[in-house]
Structure formats: C-alpha cells, structure tokens
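Protein chains in written order, with the working numbering: chain A, 158 to 595; chain B, 158 to 595.
Positions of the beta carbon are idealized from the N, C-alpha and C atoms, including for glycine.
Before any comments, here is the structure.
Structure follows, in structure tokens:
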C-alpha cells in the first residue's frame with residue numbers, strides 16, 4: 158500500500174477567520190472585495206500544495222443584528238463561482254470549491270455553472286452542497302420561504318441526483334471527434350430525463366465533459382440525513398469537531414455509511430476544520446493569538462456569546478463578572494453547557510468567555526510551534542479522526558503564509574503530506590474514484 | 158457640444174459568427190471551451206478600444222435537429238458570468254456584458270452575480286436581459302415550462318425592478334467607513350422590500366455598491382413590450398436591422414419611447430449588429446467571404462433555410478435547382494418573402510440561397526475594404542440609424558483582429574470613434590447617466 162497522505166483545504170474568508178481579523182494592523186480591511194488579495198492567497202495555498210481552496214457562502218447578509226453586522230466582518234462581495242472563475246485563470250493546480258445552495262436555484266443552471274468552472278480550471282472544480290438554513294436567505298427568495306429541514310434535504314437529494322445525471326450525460330470526446338467533419342458526435346450525448354417531486358430536467362448539459370469526470374462533491378452534513386447524503390454522493394465531507402473523540406466518532410459514523418451505497422472507504426475524504434495559529438516559538442504563537450483577541454469589540458463578543466447561549470442579551474451583567482445562572486434550552490444544550498462549564502472551571506468573566514468563543518467561532522483551534530501544530534494534525538490523521546483538514550487561517554495572507562512556510566514542510570518531512578501535486582485535476586490529487594462513464 | 162463618438166461592442170462567439178467558422182483552416186475548432194482563446198480575443202477588443210465585449214446565452218443546447226447540432230458550432234462550454242469573471246482579471250478597460258435570462262432564476266441571485274462581476278472588473282459589468290423563448294431551455298427547467306410572451310415580459314419587468322432596487326440599496330462608502338472602528342455603516346444600507354406577482358425580496362444585497370453606480374443594462378427588445386422595457390430600464394439596446402431604413406425606424410421608435418419614462422435621448426444607446434468581412438482590397442474581402450461560405454455543409458445550410466422558410470424539409474428538391482413554390486405562414490411572412498424574392502430575382506439555387514442565409518444568419522453583412530466598411534458604419538451612425546454597433550466578426554481571432562487593425566484606425570481618423578478610453582468603467586465609456594444614489 159502506498160504512503161497515506163493527508164488532504165488539505167484552505168478555507169478562504171476575506172481578511173481571515175478570526176472574527177476581528179479585519180481590525181488587525183496586518184490585515185487588509187477591504188480584502189473581501191479585492192480580487193488581487195484573493196488571487197494572492199490562492200497562490201499561497203497552491204505553493205503549499207493544498208488540494209483545494211474553499212469558499213463558503215450564503216445568498217444574504219450574514220447578521221440581522223446591526224451590532225454584529227457593523228463590527229464583525231465575515232463575508233465578501235464576491236459570489237463564490239464568480240470569484241473562483243477569476244482565481245482559476247490565475248492558478249494551475251489547486252482545487253476550487255464553491256459553496257452553493259440547493260434551495261433557491263434549479264439543477265440545470267447550477268450544474269452548468271460548475272461545469273464552466275471545471276472547464277475554465279482544467280478539472281479543478283468542486284461543489285460544496287448546502288441547503289441554506291438561514292431565514293435571511295429565505296427572505297431574499299420569497300417565492301419559496303425557508304423550508305423545514307426534511308424538505309430542504311429532500312430537495313437537496315433530488316438536486317444532487319439531477320446534477321450528477323447532467324454531468325454524466327456527456328461523454329469524453331463528444332465534441333470535435335476525430336476526422337473533423339462534425340462538431341459533435343451525437344451518439345455520445347445521453348439526454349437526461351430526470352423527474353422528481355421538486356425538479357424535472359429533460360435535456361443535455363451545454364458543456365463538454367468534465368476533465369475530471371465530474372466536479373468534486375463536497376458536503377458538511379451533521380444530521381443523519383446529511384451524513385447519508387454525503388455517504389451516497391460526496392467525495393469530501395467537512396466537519397467541525399472540537400475534541401479528538403468527537404472527530405473519531407464522526408469519522409467512523411460517516412465511513413460506516415459508505416457500505417450502504419456500495420462505496421469504498423477511500424471514496425470519501427473526511428476533512429475537519431482546524432484553526433491554526435503558528436509561531437516560531439510557543440510564546441510567539443500565543444502572543445499572535447492574544448493580539449488577535451484584543452481586537453474583538455466587546456459588543457461583538459458579548460452578542461455572539463449571547464447567541465451561543467440562546468439568550469437575548471447579556472448587557473445587563475458586568476463585563477468583568479461571571480456569567481449569570483441561565484435557563485437551558487434543548488436545542489443546543491451541549492454547547493451551552495460547554496460554555497457554562499468552562500466559565501466555572503476556569504473562573505472566566507463574561508468578557509473573557511466572549512473573546513474565547515468569538516475568536517475561534519467554535520472551531521478546533523491549535524496555537525503553537527510548527528511542530529506542535531503538525532503533532533496535533535498528525536495525531537488525528539493517524540488515529541482515525543481525519544483524512545485531512547480544512548485549514549482556517551485566522552488572518553490572510555499572513556496566517557496562511559505562516560502555515561505554508563512553517564507547518565507544511567514539517568508535515569512533508571514526516572511523510573504525511575505530498576511534496577508535489579499528483580496531477581492537474583482535483584479528483585486526481587484527492588485520489589477519489591472517477592465516475593464510470595466518459 | 159462635444160464630438161459624438163460611436164460605441165462599439167464585440168460580440169464574441171466561440172470560433173466565430175459565421176456558421177462554418179469552426180471548419181475554416183484559420184479557426185481554432187475547440188475555441189468554445191478554451192479560456193485562453195477567449196482572453197486573447199477580449200484583449201484584441203480592448204486594444205481596439207471597444208466599449209464592451211458581449212456574450213450571448215441560452216441555458217440549453219441550441220439545436221434539437223441533430224443534423225444542425227452535429228455540424229453547426231454555435232455555443233461555448235462556458236456559462237457567460239463565469240467566462241467574464243475569468244476575462245475580467247485579464248483585461249482592464251473593456252466592458253463585460255453577459256446575457257442572462259429572467260425566466261429560470263430569481264432576482265437576488267442574479268443581481269448578486271452581476272454585482273460580483275462588477276466588483277471583480279472595477280465597474281465594467283453589463284447584463285443583457287433576455288426572457289428565453291426557447292423550448293429547449295424550458296425543458297431543462299420543468300418547474301416552470303415555457304411561458305407565453307406576455308408572461309415572460311411581466312416576469313422580466315419585475316425581475317429588472319427588483320435587481321435595480323437591490324443594486325441601489327447599498328450606498329457608496331457603506332463598508333470600512335472613515336475612522337475604521339466599524340465594518341459597515343448601517344445608515345447607508347437600505348433594505349429592499351420588493352413584492353410583485355412573481356417575486357418578493359426582503360433584504361440587502363451582499364455586496365459593496367457598484368463602482369459604476371450599478372451594472373449597465375442591455376436589451377434587444379423587438380416587440381412593443383420589449384422596446385418599452387428597454388426604454389424604461391436599459392442603457393444599451395442591440396438590434397438586428399438589415400437595411401438602413403429598418404435601422405432608422407427602429408432607432409426613432411426606441412428613442413421616442415424614452416420620453417415616456419423621463420429619460421434623455423443620450424441615456425440609451427442603440428447598437429445594431431454588423432457582420433464585417435474586411436480585406437485590404439475589395440477582392441480580398443470577397444475572397445475571404447467566399448472561402449467561409451465554401452465551408453457551410455449543405456445539410457446545415459438547407460436545414461437552416463428550411464427553418465427560415467418554416468417548412469419541414471427541402472431535401473426532396475434538387476440542391477442546384479430553384480426553390481419550390483411554398484405555402485406562406487403568417488408568423489414570419491416577411492422573412493419568407495425576402496428569401497423567395499431574392500431567389501427569383503437573382504436566380505439562386507437552393508444551395509446558393511442556403512449558403513447566403515446560413516452564413517450571415519440574417520445579420521447586416523458588409524464585405525469590403527476598411528474604407529468601405531467605415532463608410533457603411535459612418536453613414537448609419539450619422540443618419541439616425543445607430544449610436545454604435547455590435548461587431549460580429551465571422552471568425553475569431555482573425556476577423557476581429559482585421560477589424561481592429563484595419564477599420565478602427567479609419568474610424569478614429571474620421572473622428573467618429575475614441576482614440577483612448579474615457580475612463581475605467583463601462584458606464585463612463587458609454588457616457589450614460591449614473592443612477593441617482595451612491
């Protein structure tokens with residue numbers, strides 16, 4: 158068996174993943190609408206031999222609360238498929254994964270846009286399928302309204318199947334067949350007749366076949382139905398596990414489901430998020446972390462803490478005092494309990510708790526030397542918790558630059574990460590099976 | 158009054174506008190899926206100081222008839238917004254106009270994609286609004302089906318209004334306001350509450366304001382309701398007039414409608430199509446034209462001729478004989494009559510007629526020296542038939558290269574076309590008024 162390598166994604170987000178990244182002196186505040194910034198960051202990821210860059214999305218502003226919206230930069234001016242098309246022609250190997258929802262479009266249009274990105278990039282496109290749980294998005298598309306979870310997933314299942322059918326309906330070598338007498342060899346086009354409850358498609362995708370068979374499918378399902386959809390259709394799943402035990406449980410659960418759909422263990426890569434803050438020394442890393450934390454406005458931190466705790470408001474309580482006793486809700490009891498327990502255990506004030514949770518946004522955070530960060534990643538990679546990681550740099554470009562310069566060579570030295578790309582397509586680099594046709 | 162300059166668009170279409178372009182020895186057959194080809198052609202247009210490049214679209218294959226589909230290359234592998242995002246970062250001044258339909262998406266998503274293109278390009282985006290009359294498209298989006306003309310336009314009116322409202326809902330300077338303490342100045346965001354029969358939007362566009370106020374609106378309305386929509390909302394209209402008299406009538410008609418909506422005569426540019434074949438001498442130009450015509454496969458030409466004549470099939474008649482007598486239909490009587498008359502007047506065979514109409518696809522074709530082509534354009538520009546032209550080069554890149562090298566300097570010498578771009582945004586170069594806000 159060949160050496161097993163971890164897969165790496167670079168989760169790009171405007172100025173950085175840290176909630177106060179845009180206020181840091183190293184930050185480029187208007188990063189979210191600066192295409193040159195995104196191209197530069199994508200090239201850093203490619204220099205680091207990352208499998209892919211990843212762009213999140215929601216078709217709406219992200220915060221209804223003006224305090225949060227005014228002070229917490231999260232999103233970009235760029236719709237992800239447009240952004241990645243511009244990046245595609247400025248990179249050569251790194252995969253390009255765009256988030257897109259199945260709730261407010263139809264399969265033909267989206268399948269076609271991803272086919273275009275795949276052609277533009279020579280086979281590096283990936284689609285992170287989401288179902289859009291946000292009310293703010295639903296209000297922008299009032300012809301539908303926010304559907305309940307089960308309906309969203311029912312629609313997502315159909316949407317994915319119709320898109321896959323469209324991509325598979327065009328064989329390799331359909332256009333400009335040998336001889337040059339005809340433009341298209343119609344025997345290689347297989348019209349799709351896909352009829353479901355939410356969609357119907359009778360046609361042929363207006364595109365050549367993908368250079369990688371079809372675009373890579375990505376998902377981040379956490380619910381049962383979400384994990385099943387991932388096990389059935391996805392090549393990559395992202396996850397948001399804090400502890401190693403949580404990550405192992407998620408990993409085992411998703412891998413177990415693959416058998417149901419006749420798929421092998423290597424056909425789906427599990428890539429949890431990691432938010433690394435790297436310094437040449439542990440002290441330097443911690444100082445970087447503290448510097449970022451200092452920039453979190455109290456209003457933002459406390460409003461986020463309140464939303465994590467499912468309470469309306471915490472502003473009546475002293476910032477430097479402890480959390481008040483509060484009612485429990487069933488919905489997110491475990492996260493609530495985690496916050497309350499941490500506050501009591503470490504004697505943290507509201508301000509301290511707010512900064513703690515706002516900064517990392519609840520993701521797995523590792524602060525340390527290159528060797529310490531590599532240790533943490535390698536441990537989860539080897540112990541059945543991950544096939545790779547989605548790296549969420551706190552600050553762009555410096556946070557990703559640190560990771561590529563300091564951590565990637567360490568992972569390569571240990572033999573757990575590639576030194577060169579295996580190929581030019583995302584599918585080839587991920588090492589996931591091609592669809593049968595074409 | 159300052160010198161009046163004509164506006165020029167370069168209508169890009171894979172290997173060329175001539176139906177047999179892809180079979181020509183100078184052609185790059187797989188042009189439609191080669192992004193480097195498109196970037197090179199866009200740069201030729203920019204070198205020629207063109208106002209814009211223009212990408213047509215339909216979300217479907219273009220021909221149901223396999224004879225036509227197999228032999229007549231028309232379309233590209235690239236969805237236009239993706240294609241133009243990739244071109245945006247490889248050009249600096251030329252406008253980028255993508256065709257997109259109002260029939261199969263909702264306003265928020267499309268407004269956001271055009272806002273992204275506008276940000277990516279620094280204010281060079283334009284939207285050619287179409288309503289999609291093709292059944293092939295409707296079959297790909299069966300949740301709706303092909304709507305009758307009046308319903309398509311009713312939907313288009315609402316779609317355009319909602320998109321305009323979203324673009325206008327964000328003021329200049331909303332993000333990163335002076336002082337740097339907040340990410341967004343919420344007093345400059347104006348939530349849209351747009352409720353119509355087909356759409357409802359309650360939200361704020363996730364984008365900064367367009368660098369050109371808002372994207373340029375383009376239309377090609379030929380019906381009454383289409384011309385009214387253009388007069389009310391568009392900055393540019395394309396037209397397909399053959400004769401000067403037709404072009405003048407269309408021009409006067411559209412300009413007259415502007416008053417109804419309180420708009421000035423210069424607020425809407427009328428740009429008919431022209432298919433120029435340019436040679437250093439008239440003989441060379443004619444030879445280029447004949448060479449292209451030779452490549453039209455008889456099956457394609459005759460099938461197209463049959464479709465123009467609204468008859469099922471012409472294959473029972475000798476190719477080198479005259480057209481048979483045929484029944485008239487009301488629908489496109491005038492085009493039918495034009496073909497029948499031309500055949501009789503010039504004694505053309507079915508093959509000759511087929512080539513004549515298939516090659517130019519019914520657009521205004523000018524074959525001649527740079528001076529002859531400039532004469533033809535200048536005449537229509539000065540005689541109230543056009544504010545500019547949408548140039549449909551028969552073959553890419555050579556046909557556009559010929560135009561830029563030979564005809565553009567001639568137009569510049571005559572003082573009817575710019576020598577340098579007036580600015581960096583499409584709106585500035587077109588010289589059309591900015592929307593009020595922002």
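- request: Determine the chain A residues that contact residue 298/B at a beta-carbon separation under 7 angstroms, and present them in chain order.
  value: For residue 298/B, the chain A residues whose Cβ falls inside 7 angstroms of its Cβ are 263, 265, in order along the chain.
message: Between residue 270/A and chain B, is the shortest Cβ-Cβ distance under 9 angstroms, so that the two count as touching?
response: So yes, residue 270/A belongs to the interface.
task: May I have the straight-line CA-CA distance separating residue 187/B from residue 372/A, to the nearest angstrom?
output: CA-CA distance, residue 187/B to residue 372/A, rounds to 21 angstroms.
Straight-line Cα distance separating residue 207/B from residue 537/B: Taking the straight line from one Cα to the other gives about 18 angstroms.
field: Terminal residues of the alpha helix (DSSP H) in which residue 534/B lies
entry: For residue 534/B, the uninterrupted alpha helix (DSSP H) segment begins and ends at 527–539.
query: What in chain B is Cβ-close to residue 307/A, meaning under 8 angstroms?
result: What residue 307/A touches in chain B: nothing, since even the nearest Cβ is about 20 angstroms away.
task: Flag this pair as yes or no: are the beta carbons of residue 265/B and residue 266/A separated by less than 9 angstroms?
output: Here residue 265/B is not near residue 266/A, since their CB atoms are 9 angstroms or more apart.
- prompt: Below 8 angstroms, can you find three or more Cβ-Cβ pairs linking the segment 403–418 of chain B to the segment 495–508 of chain B?
  reply: Too few Cβ pairs lie closer than 8 angstroms, so no.
query: From what residue to what residue does the alpha helix (DSSP H) around residue 316/A run?
result: Note, residue 316/A: alpha helix (DSSP H), 306–325.
- request: Can you tell me which of the three DSSP states residue 359/A falls into?
  value: In the structure shown, residue 359/A sits in a strand (DSSP, three-state: E or B).
- request: Could you give the DSSP three-state label for residue 487/B: helix, strand or coil?
  value: Bear in mind that the predicted position of residue 487/B carries a pLDDT of just 48, short of 50, making it unreliable; the figure below should be weighed with that in mind. It is coil, neither helix nor strand.
query: How would you list, in chain order, the residues of chain B whose beta-carbon sits under 7 angstroms from the beta-carbon of residue 243/A?
result: Those are 242, 243, 245, 246, 277, listed as they occur along chain B.
Within 7 angstroms of chain A by C-beta, residues of the segment 351–376 of chain B in sequence order: Residues of the segment 351–376 of chain B with a C-beta less than 7 angstroms from any C-beta of chain A: 356, 357, 358, 359, 360, 361, 363, 364, 365, listed in chain order.
task: Taking residue 236/A as the query, report the chain B residues whose CB atoms sit under 7 angstroms from its CB, ordered along the chain.
output: Per Cβ cutoff of 7 angstroms: 269, 270, 273.
- prompt: Exposed or buried, which one is residue 263/A when buried takes at least 16 other CB atoms within 10 Å?
  reply: Classification of residue 263/A: buried, given that the 10 Å Cβ count is 16 or more.
- prompt: Do you know whose CA, among 535/B, 527/B, 511/B, lies nearest residue 558/B's CA?
  reply: It is 527/B.
query: From the DSSP output, which residues share a beta bridge with residue 374/B?
result: Paired residues: 284/B.
- prompt: For residue 389/A, which of 410/A, 364/A, 374/A, 418/A has the nearest alpha-carbon?
  reply: Proximity to residue 389/A across 410/A, 364/A, 374/A, 418/A peaks at 418/A, based on C-alpha coordinates.
Host alpha helix (DSSP H) of residue 297/A (start-end): From DSSP, the alpha helix (DSSP H) with residue 297/A extends over 292–297.
query: CA-CA distance, residue 434/B and residue 529/B?
result: Looking at the backbone, the Cα of residue 434/B and that of residue 529/B are separated by about 11 angstroms.
- prompt: Closest to residue 387/B by CA distance: which of 215/B, 400/B, 437/B, 407/B is it?
  reply: Out of 215/B, 400/B, 437/B, 407/B, 407/B has the C-alpha closest to the C-alpha of residue 387/B.
task: Leaving out five residues on either side along the sequence, give the residues of the same chain with a beta carbon under 7 angstroms from the beta carbon of residue 445/B.
output: Contacts found: 434, 436.
message: Assuming contact is defined by CB atoms lying nearer than 9 angstroms, are residue 205/B and residue 167/B in contact in what I supplied?
response: Yes, these two residues count as a Cβ contact at 9 angstroms.
- request: Would you be able to state if there are at least three C-beta pairs under 8 angstroms between the segment 247–256 of chain A and the segment 280–295 of chain B?
  value: Two segments are said to touch when three or more pairs of C-beta atoms, one from each, lie closer than 8 angstroms; by this definition the segment 280–295 of chain B does not touch the segment 247–256 of chain A.
message: Taking the alpha-carbon of residue 215/A as reference, which of 258/A, 577/A, 195/A, 375/A has the nearest alpha-carbon?
response: Of 258/A, 577/A, 195/A, 375/A, the residue nearest in Cα terms is 258/A.
query: Taking 9 angstroms as the CB-CB limit, is residue 200/A close to chain B?
result: No - not a single Cβ of chain B is within 9 angstroms of the one on residue 200/A.
field: residue 305/A burial status per 10 Å Cβ neighbour count (16 or more: buried)
entry: Residue 305/A sits exposed, since fewer than 16 C-beta atoms from the chains shown fall within 10 Å of its C-beta.
- request: Using the Cα positions of residue 544/A and residue 276/B, report the straight-line distance between them to the nearest angstrom.
  value: Roughly 36 angstroms separates the two Cα atoms.
message: Strictly under 9 angstroms for the Cβ-Cβ distance: is residue 175/B near chain A by that measure?
response: No, residue 175/B lies away from the interface with chain A (no Cβ there is under 9 angstroms from its Cβ).
query: Are any of the Cβ atoms in chain A nearer than 9 angstroms to that of residue 211/B?
result: Chain A, which has no Cβ nearer than 9 angstroms to the Cβ of residue 211/B, makes this no.
query: In its own chain, which residues sit with a C-beta less than 7 angstroms from the C-beta of residue 268/B, not counting the 5 before and 5 after it?
result: In chain order, 320, 323, 324, 362 place their CB closer than 7 angstroms to the CB of residue 268/B, counting only its own chain and leaving out the 5 sequence neighbours on each side.
task: Take residue 271/A and list the residues in its own chain whose beta-carbon comes closer than 6 angstroms to its own, dropping the five residues that flank it on each side.
output: So the qualifying residues of the chain are 282, 284, 372.
message: Let me check understanding here. Comparing Cα to Cα, which of 456/B, 465/B, 466/B, 464/B lies closest to residue 475/B?
response: It is 456/B whose Cα lies nearest to the Cα of residue 475/B.
- prompt: So which residues on chain A does residue 293/B lean against when the C-beta distance must stay under 8 angstroms?
  reply: Chain order gives the chain A residues near residue 293/B as 360, where near means a beta carbon separation below 8 angstroms.
7 angstroms CB neighbourhood of residue 465/B in its chain, flanking five on each side removed: Only 492, 496, 514 meet the Cβ criterion.
field: Host alpha helix (DSSP H) of residue 555/B (start-end)
entry: 555–559 is the span of the alpha helix (DSSP H), which, as asked, contains residue 555/B.
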